[in-house]
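Note sheet for the following structure.
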Amino acid sequence: MPLEPKSADLPRIRGALKFYQVASVITGVMLLLLCAEMILKYAFHLELYAFGDQGVLAVTPVIETAAGLESTGTGVNLSTGILIAHGWFYVVYLFSDFRLWSLMRWPFSRFIIIALGGIVPLLSFFLEARIGREVRGYLDRREAEAEASATAASETAASETTDNSDTVEAQQ
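If you're matching positions, the sequence shown starts at 44 in this note's numbering and goes up one per residue.
Here it is, written out as structure tokens:
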């Protein structure tokens, strides 16, 4: 039988889900930007620069030399910035994945599948939608069960109170 999340963790799961969803979208967008940057650099030999001699934003050629590819732009290399930003957002994404995974008490394979969302282009968007739908459905089901059991307990307590008062009246 698979493990179920603890009842005490149910309120924390909603926050973990929201954090995961935000991190998933940001990581997915950064991964798409990274893919576009890689295509620009390695297929078309161009890089993106900001605030250099060419102006606020410029696409500059990359020259192939014996030592490898060399940039010709000046200023801030946005191509490298995108690479670094995606790397750090992926770390945040992994943390959000771990937090949701541990609270939901899923198997380790589920953690790995979610982690692939930050590596495979577009996968994070599909996983975000699917996992969000699944976790919200689970939480709604657990809350409905808790409400039903609380209602049943209050009805049982009310009937016991009525039975006890009838017994006391009969004894008098």
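Ideal Cβ placement from N, Cα and C applies to all residues, glycine included.
Are residue i and residue j closer than 8 Å when you measure CB to CB?
i    : j    : result
I157 : W144 : yes
G71  : F168 : yes
T103 : Y92  : yes
F132 : I174 : no
P54  : R148 : no
V65  : K84  : no
D140 : F154 : yes
I56  : L182 : yes
L146 : D52  : yes
F62  : R142 : yes
L77  : I125 : yes
S67  : G160 : yes
What did DSSP end up calling residue i once you bin it into helix, strand or coil?
i    : result
T103 : strand
L165 : coil
M44  : For M44, the pLDDT reaches just 47, beneath the cut-off of 50, and the residue's location in the model is therefore unreliable, leaving the point undetermined.
G58  : helix
G118 : coil
A51  : helix
Where do the ends of the beta strand (DSSP E) carrying residue i lie?
i    : result
A93  : L89 to G95
S114 : G111 to S114
Answer with yes or no whether the minimum CB distance from residue i to chain C is below 8 Å.
i    : result
D183 : The displayed structure is made up of one protein chain only, and chain C is not part of it.
Over what stretch of residues does the alpha helix (DSSP H) that includes residue i continue unbroken?
i    : result
S152 : F151 to A158
How close, in whole Å, do the beta carbons of residue i and residue j come, if the pair is a contact with beta carbons under 8 Å?
i    : j    : result
T117 : D96  : 5 Å
C60  : P164 : A quick correction: the sequence has Leu, not Cys, at residue 60. About 23 Å; that fails the 8 Å criterion.
**Item:** Sufficient close CB pairs (3 or more, under 8 Å) joining the stretch 82–92 to the stretch 104–117
**Value:** yes
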